[in-house]
Every structure is written in structure tokens, then in C-alpha cells.
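A quick write-up on the structure given underneath.
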Amino acid sequence: MFKGTALEVWYYECLRKFLVPVLVKWGLEPNHLSILGLFASVLAGMCFVFSPFWGGMFTLLSGLFDTLDGSLARFMGKSRKAGAFLDSVIDRYTELI
1 MFKGTALEVW YYECLRKFLV PVLVKWGLEP NHLSILGLFA SVLAGMCFVF
51 SPFWGGMFTL LSGLFDTLDG SLARFMGKSR KAGAFLDSVI DRYTELI
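Counting from 1, one number per residue, gives the positions in the sequence shown under full-length UniProt numbering.
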């Protein structure tokens, strides 16, 4: 069980109950979401040059993908060290961008 503020707990519960089952139906894997988050981060960096609004939107999308990949892995029973390592590496690249 996730421990945090009431808002954080509510946020993660909404993701777990509503979005994660949809992602499973679509056949997405946790690593797919990690890669999508990296692409969203790259797009955010490019968009900030021309439109701060779209840069912000892609930044939020990148954060959502980063949150969902771990939730999806736990939901599917696919939590692995290799996946956690990939997620950590992608997080560092995202911070660099």
C-alpha cells in the first residue's frame, strides 16, 4: 500500500483502479510506458522552445507515464530488477533533457 498524503494516495488509487486495467486491455507493457515517457520528455524539450503550454503538457504526460509504468508492472506481476533499472536510467535521461 502506498503511503503519502491523502491526495497522493487518492491519485495512485485512481490510476490503479481506472487507468491500469485499460492499459492491460490495450496490451501495453511497463517498459512500453517507460519508453513513451522518454519520448514525451524529448517532445516537451522541443515544444518549450515554441510553446510553453505544449511543453508543459508533454512534461505532465511524461510524468504520468513514469507513474504508470511501475503501477502497471505491479498490477501485471512483472516487477523485475531489469525493468526498475530501465526506469531509473530513463528517469536520469528525462532529468537531463
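Here a beta-carbon is modelled for each residue, glycine too, at the ideal position from N, C-alpha and C.
Residue burial classification, Phe58 (beta-carbon count within 10 angstroms, cutoff 16): Residue environment for Phe58: buried (at least 16 other C-beta atoms within 10 angstroms of its C-beta).
The stretch 25 to 40 touching the stretch 55 to 69, judged by at least three CB pairs closer than 8 Å: With a cut-off of 8 Å, the stretch 55 to 69 and the stretch 25 to 40 count as touching, because enough Cβ pairs lie within range.
C-alpha distance - Phe85 paired with Glu8, whole-angstrom precision: Going from the Cα of Phe85 to the Cα of Glu8 covers about 24 Å.
Given Leu19 as reference, the closest of Leu96, Ala73, Arg80, Gly83 once Cα atoms are compared: Nearest C-alpha to Leu19: Ala73.
Neighbour-count burial assignment, Ser79, 16 or more Cβ in a 10 Å radius: Ser79 should be labelled exposed.
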